[in-house]
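Numbering (the UniProt record's numbering), first residue to last: 1 to 134.
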C-alpha cells in the first residue's frame, strides 16, 4: 500500500509485522506497526483519514494505526462479531448494522472463512461499524 501523499510504502510479509518505509528509499524504515499475532492479510488506508491504516490478520483482528508513528489507535476482534452474528442468527434476530456499501470505506476479509467479507465505515474518529457483505 502506498500512502496518499506518495511519501510511504506500507508492506507486510508472511509474518505479523507491518513495515512503513519511505517510498523513494524503502531501505529507510519510518516505523513498524506491531501487534498482530498471525500473518497480515489486508492493508488499507481509509480515504477519509489519509494518516491512518487499517490492517486485517489471520488472528481475527482488525487494527487501526497512525502509520507514520506506528501507534495503534484501535483494535476490533472480528471473531467476537462472527460469534454475535451466529448467535443472533440462531435466535432469529439479525443485528442492525449501520453504514452501507455506497459509503466510502475499506472492505476486509473475515477471520473464520476467507470467503466472509466485511465493509468498514467510519462514523466518527475511532468508531467503525462492520457490515457483513458475504
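We put the beta carbon where it would ideally sit given N, CA and C, even for glycine. Model, not experiment: these values are computed from the prediction.
With 16 as the cutoff for other CB atoms within 10 Å, does residue 37 come out buried or exposed?
Against the chain shown, residue 37 aligns to sequence position 37. Exposed, because fewer than 16 other Cβ atoms sit within 10 Å of the Cβ of residue 37.
Ordered along the chain, which non-local residues of its own chain (more than five positions away) have a Cβ less than 6 Å from that of residue 49?
Here residue 49 corresponds to residue number 49 of the chain shown, with the count starting at 1. Correct list: empty, nothing qualifies.
Per-residue burial, residue 47 [other beta carbons within 10 Å of its own, 16 or more giving buried]
Here residue 47 refers to the residue found at position 47 of the chain shown. By the 10 Å Cβ count, residue 47 comes out exposed.
I'd like the span of the beta strand (DSSP E) that includes residue 13, first residue to last.
Counting from one through the chain shown, the residue named residue 13 turns up at place 13. Taken as a continuous stretch (DSSP letters only), residue 13 belongs to no beta strand (DSSP E), as it is neither H nor E.
In the structure shown, what three-state DSSP assignment does residue 80 receive?
As a working note, residue 80 is residue 80 in the chain shown. Residue 80 falls in the helix class under three-state DSSP.
Going straight from the alpha carbon of residue 75 to that of residue 62, what length do you get?
To locate residue 75, count along the chain shown from 1; it is residue 75. To locate residue 62, count along the chain shown from 1; it is residue 62. So the alpha carbons of these two residues sit roughly 6 Å apart.
If you drop the 5 nearest sequence neighbours on each side, which residues of the same chain put their C-beta closer than 6 Å to that of residue 4?
The residue you call residue 4 lines up with position 4 of the chain shown. 50, listed in sequence order.
Just verifying my parser: in three-state terms, what is the DSSP assignment at residue 38?
If you number the chain shown from 1, residue 38 lands on position 38. Looking at residue 38 - three-state DSSP - the assignment turns out to be coil, as it is neither helix nor strand.
Short check: CB of residue 39 to CB of residue 77, under 8 Å?
Sequence index remark: in the chain shown, residue 39 carries index 39 (1-based). Sequence index remark: in the chain shown, residue 77 carries index 77 (1-based). No, the pair does not count as a contact, with Cβ atoms beyond the cut-off.
Do residue 10 and residue 43 come within 8 Å of each other at the CB atom, strictly closer than that value?
Mapped onto the chain shown, residue 43 falls at position 43. Mapped onto the chain shown, residue 10 falls at position 10. Against a cut-off of 8 Å, the Cβ pair of residue 10 and residue 43 comes out as a contact.
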